[in-house]
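Heads up: the sequence shown is residues 4 to 411, going by my numbering. The structure under discussion appears below in the form of structure tokens.
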Amino acid sequence: LSSHLNQCESIGQLEFAGSYRRGRETVGDLDILVVSQDPASVMAHFGNYPDLEQIIVQGDTKMSIRVGNSFQVDLRVVEADAFGAALQYFTGSKDHNVEVRGRAKQLGMKINEYGVFQVDGDSETYIAGATESEVYEALGMPCFAPELREARTEFDWAAQNALPDLIEVAQIQGDLHMHTTATDGKASIEEMADAAQARGLKYIAITDHSQRVSVANGLDAERLLAQWKEIDAINAARDDNFLILKGIECDILESGSMDLPDEVLAQADWVIASVHFGQKQPRQQITDRITSALENPHVDIIAHPTGRLINRREAYEVDIEAVFQAAKENGKLLELNANPVRLDLHDVHCAMARERGIPIVISSDAHKISGLDVLPYGIKQARRGGLTAAHVANTLSWPELQKLLSNS
Numbered sequence: 004l005s006s007h008l009n010q011c012e013s014i015g016q017l018e019f020a021g022s023y024r025r026g027r028e029t030v031g032d033l034d035i036l037v038v039s040q041d042p043a044s045v046m047a048h049f050g051n052y053p054d055l056e057q058i059i060v061q062g063d064t065k066m067s068i069r070v071g072n073s074f075q076v077d078l079r080v081v082e083a084d085a086f087g088a089a090l091q092y093f094t095g096s097k098d099h100n101v102e103v104r105g106r107a108k109q110l111g112m113k114i115n116e117y118g119v120f121q122v123d124g125d126s127e128t129y130i131a132g133a134t135e136s137e138v139y140e141a142l143g144m145p146c147f148a149p150e151l152r153e154a155r156t157e158f159d160w161a162a163q164n165a166l167p168d169l170i171e172v173a174q175i176q177g178d179l180h181m182h183t184t185a186t187d188g189k190a191s192i193e194e195m196a197d198a199a200q201a202r203g204l205k206y207i208a209i210t211d212h213s214q215r216v217s218v219a220n221g222l223d224a225e226r227l228l229a230q231w232k233e234i235d236a237i238n239a240a241r242d243d244n245f246l247i248l249k250g251i252e253c254d255i256l257e258s259g260s261m262d263l264p265d266e267v268l269a270q271a272d273w274v275i276a277s278v279h280f281g282q283k284q285p286r287q288q289i290t291d292r293i294t295s296a297l298e299n300p301h302v303d304i305i306a307h308p309t310g311r312l313i314n315r316r317e318a319y320e321v322d323i324e325a326v327f328q329a330a331k332e333n334g335k336l337l338e339l340n341a342n343p344v345r346l347d348l349h350d351v352h353c354a355m356a357r358e359r360g361i362p363i364v365i366s367s368d369a370h371k372i373s374g375l376d377v378l379p380y381g382i383k384q385a386r387r388g389g390l391t392a393a394h395v396a397n398t399l400s401w402p403e404l405q406k407l408l409s410n411s
């Protein structure tokens with residue numbers, strides 16, 4: 004859609020709005036705002052979108068269409084001096100905008116998709132609207148990051164002049180969850196390393212599945228130790244300051260024990276513990292499994308802690324408060340799995356981790372080279388939870404992260 008619209012020469016500015024811009028996990032439709040002096044040409048161009056299924060409605064400055072899978076896309080053409088106000092309005096959320104309108108009313112102003120206006124009796128004077136920054140500034144407010152606009156904590160933070168400097172993709176130094184051809188991945192260790200380095204990362208952990216995940220050809224102790232020797236050899240042959248860590252995604256068995264013996268896990272640089280089986284166990288049992296893993300001295304992190312698959316599988320019954328408490332008490336980390344089907348932890352859970360001082364690791368869980376590119380989805384989720392670089396452990400260098408773990 005973006006590529007198609009950018010081919011329209013009469014479009015000056017273009018932004019996506021709505022829940023998509025706020026980084027919601029799922030969206031019901033897509034809102035697009037553009038500035039143009041020739042709305043008719045924009046409507047004509049939009050109506051020629053190659054994946055168009057149906058034009059739902061078309062007016063002079065608005066068109067709604069359905070594209071592949073009957074997904075609705077709404078396009079609005081606005082004036083340049085109202086673009087910021089429209090972007091603020093249509094980005095939402097509804098609850099956030101209710102608070103913003105309340106602030107405007109307190110100041111004797113009015114805000115809508117056309118701008119901010121000073122109200123004097125029956126007369127209204129335009130004050131701002133061209134950019135979001137000037138819209139919020141006119142109301143004495145900071146320009147909130149779109150991901151924070153859910154009327155949760157952003158207004159309290161603003162009142163305290165404490166809006167967080169949210170994490171950015173470029174701050175991630177390492178990716179600590181990925182798979183190779185040794186199990187169910189599609190690329191070799193070196194191929195994953197080269198691809199990660201090309202994307203600007205400084206280190207990765209190879210974390211293939213353990214033996215319990217037989218469907219993925221999971222590694223037993225012998226094969227795992229052989230893989231780690233291979234990683235040592237690859238690291239020794241590289242001369243590029245890029246580090247490949249010896250890791251494992253070790254299953255937490257239904258009994259609560261780990262899938263590999265402690266004497267093997269003790270030799271790893273990075274141990275992920277995760278649940279792949281017995282996901283329908285009673286709440287207390289599955290909670291005890293996870294908290295037991297967090298008490299294991301060789302485990303560093305719990306992967307995809309709730310097990311949900313968005314629109315496919317509900318999270319398993321787990322006492323997330325107990326998991327957070329165990330992570331805190333044992334100095335462990337929790338994963339935000341950036342795969343867009345998972346995004347686990349949830350944004351609310353990210354905020355909980357922030358409040359409790361539990362570091363998060365944003366990982367791709369890549370099974371092929373292109374899988375490394377999902378990290379921005381995890382970043383969006385983290386931003387929705389108010390996380391800064393200080394809350395995300397893999398913004399650290401590997402020596403710094405090792406120090407964090409040893410001090411926990």
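Every residue gets a Cβ at the ideal spot worked out from N, C-alpha and C, and that includes glycine. Bear in mind that the values here come from a model prediction, so they are computed numbers and not experimental data.
Spatial distance of residue 106 from residue 372 (CA atoms): 48 Å
Selected residue, minimal CA-CA separation from residue 332, among 100, 210, 15, 299: 299
Buried or exposed (CB count within 10 angstroms, at least 16 for buried), residue 109: exposed
Under the three-state DSSP convention, the category residue 120 falls into: strand
Secondary structure, beta strand (DSSP E): runs of 3+ residues fully inside the segment 125-159: 126-131
Contacting residues, own chain, Cβ-Cβ under 8 Å from residue 56 (five flanking each side not counted): 68, 69, 70, 71, 73
Beta bridge counterpart(s) of residue 2 as assigned by DSSP: In the structure displayed, the chain extends from 4 to 411; residue 2 sits before or after that span and is not available.
Burial state of residue 59 (16 or more Cβ within 10 Å): Exposed is the call here.
C-beta atoms of residue 99 and residue 52 nearer than 7 Å: The Cβ atoms of residue 99 and residue 52 do not sit closer than 7 Å to each other.
CB contact check: residue 251 to chain C, cutoff 7 Å: This model lacks chain C altogether; it includes just one protein chain.
Nearest to residue 380 (by Cα), restricted to the options 390, 367, 389, 392: 367
Residue 257 beta carbon near the ligand COA (any heavy atom closer than 6 Å): The ligand content of the structure shown is nil, which means the ligand COA is not present either.
Paired residues, beta bridge with residue 391 - DSSP: 169
Residue burial classification, residue 92 (beta-carbon count within 10 angstroms, cutoff 16): buried
Span separating the alpha-carbon of residue 224 from that of residue 274: 14 Å
Option nearest residue 196 by Cα separation, candidates 217, 243, 335: 243
Residue 75 - partner residues in DSSP beta bridges: 32, 69
Residue range of the unbroken alpha helix (DSSP H) whose run includes residue 319: No alpha helix (DSSP H) contains residue 319, which DSSP labels as neither H nor E.
Buried versus exposed, by CB contacts within 10 Å (16 or more), residue 262: buried
Cα-Cα separation, residue 26 to residue 150: 6 Å
Rounded Cβ spacing between residue 112 and residue 122 (contact assumed at less than 8 Å): Their Cβ separation, rounded to whole angstroms, is 6 Å, which keeps residue 112 and residue 122 in contact under 8 Å.
Ranges of the beta strand (DSSP E) found wholly within the segment 325-359, counting only runs of at least 3: Every beta strand (DSSP E) of 3 residues or more that sits fully in the segment 325-359 is shown, in chain order, as 336-340.
Contact check, residue 177 vs residue 397, beta carbons under 7 Å: yes
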